[in-house]
Structure formats: C-alpha cells, structure tokens
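Written out below as structure tokens is the structure these notes cover.
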Amino acid sequence: APGQGDIGSYFFKK
Amino acid sequence: LFHARFEQAGLVDAIKDLIQDSDFHCRDSGIALRNMDNSQVAVVVILLEAGGFLPYHCDRRLNLGISLTSLTKIVHYAGDEATLALKANDNPDTFNLVLECLQTGCIIKYDIKSRDIDQEHLEIPKTDYAATITIPSAEFQRICRNLSQLLESVANEASEERIKFSSSGDIGSGSATLRHNSDLTGPIALTISLKYLVNFSKATALSYSVTLSLSSEVPQLVEYKVESGFARFYFAPQIGE
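Heads up: the protein sequence lines correspond to chains G and Y, in order. To convert, note that position 2 of the first sequence is 2 in the numbering used here; the numbers rise steadily by one, no gaps. Going from the second sequence to the numbering used here is simple: count from 1 and add 1000.
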C-alpha cells in the first residue's frame, strides 16, 4: 500500500 | 517423538490470511512460530508454551514446515470445538495431524508432508512503547470491522483516559472512542491500515482482552494472550509519520 513501511527493515537480522 | 494436543485450534484461523506457510519450531519448552506476512508489512509471532498442551512431549528440536492454507481447511471442517494434535516421529519429512471433535467423538487423521520453507530469520528487539493500552478484544474487533466497512485506514489517538479510532475517506468520516485504564508516557497519534487490524482481530476468540503497544517510529504491536502463551502481530509504521 502507498506510504506503508516495510516490516523487514525493522526486524531482519543484520 | 513429538506429540502436542491443542484445544484452541481457532488460532490457525487468526493467522491464515496473513501467512501461507510457516515453520513451526517445536522444542521441549513449547511451539513457536515467527513469520512475516505475504505483503511484508506485518510479522506474526506465536508462542505456545508446553504447559498449555495436554499432553505435550518433545524429546528433540523439530522444525515442521506447515501449510497454513491446508491446516485451516482441516481445522475449519472440524468445527470450533475440535482439538488438534500434532505428532511426528523420527522422520522429519512427514507428521501426523489428528483432529478430535469432542462432542461427537469423531477422530480424523492426516499424514502430512512437511514443507521445505525458506524462511528468513527475524530478530525482534525489545521496545519501549509510548503507549500500552489494554481494551476488550471484542470491542476492538467491532470497531475495526465497523470502520473498515466504509474506510481504509484508521488514526489512533490515545490520551490518558481514552483511545480514539478515527477514519476518513471519500464518503466522509467516522470515529470510535473507548475508555481505558492504561499508562501512557504522553499522548500519541498514528495511522494504521484498517485491513490489517481487521485481520489481527480475528484472534479475538483467543482472549478477552487485546493490548495495543504504540509508538510512532517503530512497528505497532497488537497482542492477544492465550493460555500459556501469546499471539503477537507487529505492523510497520506508515512512512513519513
């Protein structure tokens, strides 16, 4: 959806 | 050998619209599932501790790759009153699903092939939220369903005594306000997609109350406590908020 963030950018193991 | 019998099969229904396949991590402490939804904006985390099962037995670590689409169909036709048992032996390629309808005594058994799921590891950091609000889960579901009939997203505003869900679209606007007795570090306002909140609220039958943990810069958390565990739904904030 437009404007919706990607959850992976918060939770993926770096 | 692994054997777990679970009386809240409705949990499967609560997550089926978010994830299609998932590894179920079975340990002696219980069963855990952690997965991103198909559109990569939400994460589902479920923990069911061994004490919530009767019986529970797991003598080695086991990852069962399960199609939730298939599991949902199996559970759906068994009805809400069914208990669900998972069994696996030393062959990790297949497992058994046993459904027992308590009212009729009917037992349905399946041998299911474990799916090989290429699942990325998600690390969920401990977070301090600006607001943690507990409200009746049925009220939360009613509000989300009602507003979503006409509108697409909802703005949550929380003050010390009330949480307000308000929404606007082409047809106009709507809002719902609920009292709460929770602690806030300050007033908060953020916007969440109603479609996802409606999905999360399918877990309503699992718990009398739902806890919303909100901050503007980090994923919001919608949590249902179940007996000996929890179902948590994390949702990414909108960009630019």
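Using N, Cα and C, we set each Cβ at its ideal position, and we do this for glycine too. Keep in mind that this is a model prediction, so the values were computed, not measured.
Checklist entry - Within 9 Å (strictly less), CB to CB, does Ser1193(Y) reach chain G? => result yes
Checklist entry - Using a Cβ cut-off of 7 Å, which residues of the segment 1017 to 1044 of chain Y contact any Cβ in chain G, in chain order? => result Met1036, Gln1040, Val1041, Ala1042 and Val1043
Item to check | Identity of the residues DSSP links to Asp1021(Y) by a beta bridge | outcome: Ser1067(Y)
Checklist entry - Do the CB positions of Ile1066(Y) and Ser1137(Y) come within less than 9 Å of each other? => result no
Checklist entry - Is it right to say His1180(Y) is buried, meaning 16 or more other beta carbons lie within 10 angstroms of its own, or is it exposed? => result buried
Next on the checklist: Between which residues of its own chain and Lys1225(Y) is the CB-CB distance below 7 Å, once the five residues before and five after are set aside?
Outcome noted: Ser1207
Item to check | Euclidean distance between Cα positions of Arg1034(Y) and Ser1228(Y) | outcome: 17 Å
Checklist entry - Name the chain G residues that come within less than 8 Å of Gln1238(Y), Cβ to Cβ? => result Gly3, Gln4 and Gly5
Next on the checklist: Between Pro1125(Y) and chain G, is any beta-carbon pair separated by less than 9 Å?
Outcome noted: yes
Item to check | Between the CA atoms of Ala1130(Y) and Asn1089(Y) - distance to the nearest angstrom | outcome: 46 Å
Checklist entry - Where does the unbroken beta strand (DSSP E) through Lys1087(Y) begin, and where does it stop? => result Ala1082 to Ala1088
Next on the checklist: Can you pull the chain G neighbours of Val1218(Y), defined as C-beta to C-beta under 7 Å?
Outcome noted: Tyr10
Checklist entry - Name the residues in the segment 1101 to 1120 of chain Y whose C-beta lies less than 8 Å from a C-beta of chain G; which are they? => result Glu1120
Checklist entry - Which residues in the same chain as Phe1002(Y) place their Cβ atom closer than 6 Å to its Cβ, once the five residues preceding and following it in sequence are excluded? => result Cys1026, Cys1058, Leu1062 and Ala1088
Checklist entry - Does the segment 1108 to 1123 of chain Y come close enough to the segment 1013 to 1027 of chain Y that 3 or more CB-CB pairs lie under 8 Å? => result yes
Checklist entry - Does DSSP put Glu1049(Y) in a helix, in a strand, or in coil? => result strand
Item to check | Simplified DSSP assignment, three categories, for Glu1241(Y) | outcome: Confidence at Glu1241(Y) is low in this model, with a pLDDT of 48, below 50, so its placement is unreliable and the value that follows should be read with caution. Reduced to three states, the DSSP call for Glu1241(Y) is coil.
Item to check | Lys1202(Y) - partner residues in DSSP beta bridges | outcome: Paired residue(s): none; Lys1202(Y) is not in a bridge.
Checklist entry - Hey, how far is the Cα of Leu1199(Y) from the Cα of Leu1214(Y)? => result It is Asn, not Leu, that sits at residue 1199(Y) in the sequence shown. The straight-line gap from Cα to Cα measures roughly 18 Å.
Checklist entry - From Cys1101(Y) to Tyr1077(Y), what does the alpha carbon distance come to, in whole angstroms? => result 10 Å
Item to check | Contact check, Leu1048(Y) vs Val1012(Y), beta carbons under 9 Å | outcome: no
Checklist entry - Whose CA, out of Phe1140(Y), Leu1086(Y), Thr1134(Y) and Tyr1056(Y), lies closest to the CA of Ser1029(Y)? => result Tyr1056(Y)
Item to check | Opposing strand residues paired with Pro1136(Y) [DSSP bridges] | outcome: Ser1209(Y)
Next on the checklist: Can you pull out the residues from the segment 1222 to 1238 of chain Y whose beta carbon lies closer than 9 Å to at least one beta carbon of chain G?
Outcome noted: Tyr1234, Phe1235, Ala1236, Pro1237 and Gln1238
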